[in-house]
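Colleague: Just dropping this structure here.
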Amino acid sequence: PMVYIFSMPKFISLRLKNFRNIERLGAQFHPAFNLITGHNGAGKSNLIEALFFLSVGKSNRGATSPQLIRFESEKGSAEAEFIADETTHILRVELEKEGKAFYLDETKVKGPAEIFGTIGIVSFSPDSLWISSGPPVYRRRFMNMLLSQTDINYFIDIQRYTRVLAQRNAYLKSGAADRSFLAILTESLVEPGARIRQKRAEFSKKFAPLLKQNLENLTEMAEEMELSYRDGETGSLPDWTETLKSDFQRA
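Dropping the structure here:
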């Protein structure tokens, strides 16, 4: 069964085995603040990556599951103990060359969708600067990560949309001419795509004044920033559905 967490979880401990360059590691965390130091190549980033992977089911550095297993090892694992709502939980992932398996309180879950959002996490690195200065894909990725951790239905829609879009693009590249099948694929994109756009627009509208205020506080009013959603910030779900249908027809 899924565990729904309603307060900010805090990591208590982390145990790693054959994870990246770490053969074995056990770490205890302070509930308020932790500073991790070490020489280059010691594994500091790998420790952070393990916490991120346990929280969202994928690497913050774009690595696949097999790449997380220590060189010349067949298996690896990461396990974190955390507390939320005054209850202690254990989240573990077993890594193999063929894939991964997650366990929450010793119960195997079907996949990342069932643990996504259990531990809310934010990762900031030099690459995060691309959110504001890079191409739109970085801003979409930022919104997807944030909204997926707070709305499981958004996460499911993103997974579905990404999967069907890949199928549609592959079908178009194959040169196949069955327009009826293409229409089915397109229609399968419209429903989740409209919900995704609507929730992104709602997020942008709520987030914009917070972003503006915090930047002004940091720079003592020396800088300003405006945030807007290019596809619009208002509209009902039927409106977003019709807009997306038109976009696909023009494509």
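Using our numbering, the letters of the sequence shown map in sequence onto residues 1122 to 1372. We put the CB at the ideal spot given by N, CA and C, even for glycine. Computed from a prediction, not measured in an experiment: that's the story for all the values here.
#1: If you draw a straight line from the alpha carbon of residue 1220 to that of residue 1184, how long is it in whole angstroms?
#2: For residue 1167 and residue 1142, what's the separation of their Cα atoms in angstroms?
#3: Tell me, which residues are paired with residue 1328 by DSSP?
#4: Can the beta-carbon of residue 1320 be found less than 7 Å from the beta-carbon of residue 1267?
#5: With the cut-off set at 7 Å, would you say residue 1134 and residue 1202 are in Cβ contact?
#6: How big is the Cα-Cα spacing for residue 1287 and residue 1342?
#7: Sorted by chain position, which residues of the same chain lie with C-beta nearer than 7 Å to residue 1285's C-beta, five sequence neighbours on each side aside?
#8: Tell me the rounded alpha-carbon separation between residue 1130 and residue 1208.
#9: Consult DSSP for residue 1176 and reduce its assignment to one of helix, strand or coil.
#10: Three or more C-beta pairs under 8 Å: does that hold for the stretch 1208-1218 against the stretch 1184-1197?
#11: Along the chain, where does the beta strand (DSSP E) that runs through residue 1148 open and close?
#12: On the DSSP letters alone, give me the boundaries of the alpha helix (DSSP H) that residue 1258 sits inside.
#13: Does DSSP classify residue 1460 as helix, strand or coil?
#14: Are residue 1278 and residue 1317 close, meaning C-beta to C-beta below 7 Å?
#15: Thinking C-alpha only, which one of 1323, 1200, 1292, 1299 is nearest residue 1272?
Modeller: To lay it out plainly:
#1: Numbered from 1 along the sequence shown, position 99 holds the residue referred to as residue 1220. Numbered from 1 along the sequence shown, position 63 holds the residue referred to as residue 1184. For residue 1220 and residue 1184, the gap between their C-alpha atoms comes out near 12 Å.
#2: Here the question's residue 1167 lines up with position 46 in the sequence shown. Here the question's residue 1142 lines up with position 21 in the sequence shown. Each residue's Cα considered, the two are about 8 Å apart.
#3: In the sequence shown, residue 1328 corresponds to position 207, counting from 1. According to DSSP, residue 1328 shares a beta bridge with no other residue.
#4: Taking the sequence shown and counting its residues from 1, the one referred to as residue 1320 is at position 199. Taking the sequence shown and counting its residues from 1, the one referred to as residue 1267 is at position 146. Between residue 1320 and residue 1267, the C-beta spacing is not below 7 Å.
#5: For the purposes of this step, residue 1134 is identified with residue 13 of the sequence shown, where counting begins at 1. For the purposes of this step, residue 1202 is identified with residue 81 of the sequence shown, where counting begins at 1. Their beta carbons are under 7 Å apart, which means residue 1134 touches residue 1202 by this criterion.
#6: As a first step, residue 1287 must be located in the sequence shown, where it is residue number 166. As a first step, residue 1342 must be located in the sequence shown, where it is residue number 221. C-alpha of residue 1287 to C-alpha of residue 1342: approximately 44 Å in a straight line.
#7: Stepping through the sequence shown from its first residue, residue 1285 is reached at position 164. Listed in chain order, the non-local C-beta contacts of residue 1285 below 7 Å within the same chain comprise 1306, 1309, 1310, local neighbours out to five positions each way being set aside.
#8: As a first step, residue 1130 is located in the sequence shown; it is residue number 9 there, counting from the start. As a first step, residue 1208 is located in the sequence shown; it is residue number 87 there, counting from the start. When rounded, the distance between both Cα atoms is 10 Å.
#9: Against the sequence shown, residue 1176 aligns to sequence position 55. Residue 1176: helix per DSSP, three-state reduction.
#10: In short, these stretches touch, since the Cβ pair count reaches three.
#11: Locating residue 1148 in the sequence shown gives position 27, where the first residue counts as 1. Segment 1143-1149, the beta strand (DSSP E) holding residue 1148.
#12: Counted from its first residue, the sequence shown places residue 1258 at position 137. Per DSSP, the continuous alpha helix (DSSP H) segment holding residue 1258 begins and ends at 1257-1271.
#13: Since the first residue shown for the chain is 1122 and the last is 1372, residue 1460 is missing from the structure and cannot be characterised.
#14: Sequence index remark: in the sequence shown, residue 1278 carries index 157 (1-based). Sequence index remark: in the sequence shown, residue 1317 carries index 196 (1-based). Yes. Within cutoff.
#15: Reading the sequence shown from its first residue, position 151 is the one you call residue 1272. Nearest of 1323, 1200, 1292, 1299 to residue 1272, Cα basis: 1323.
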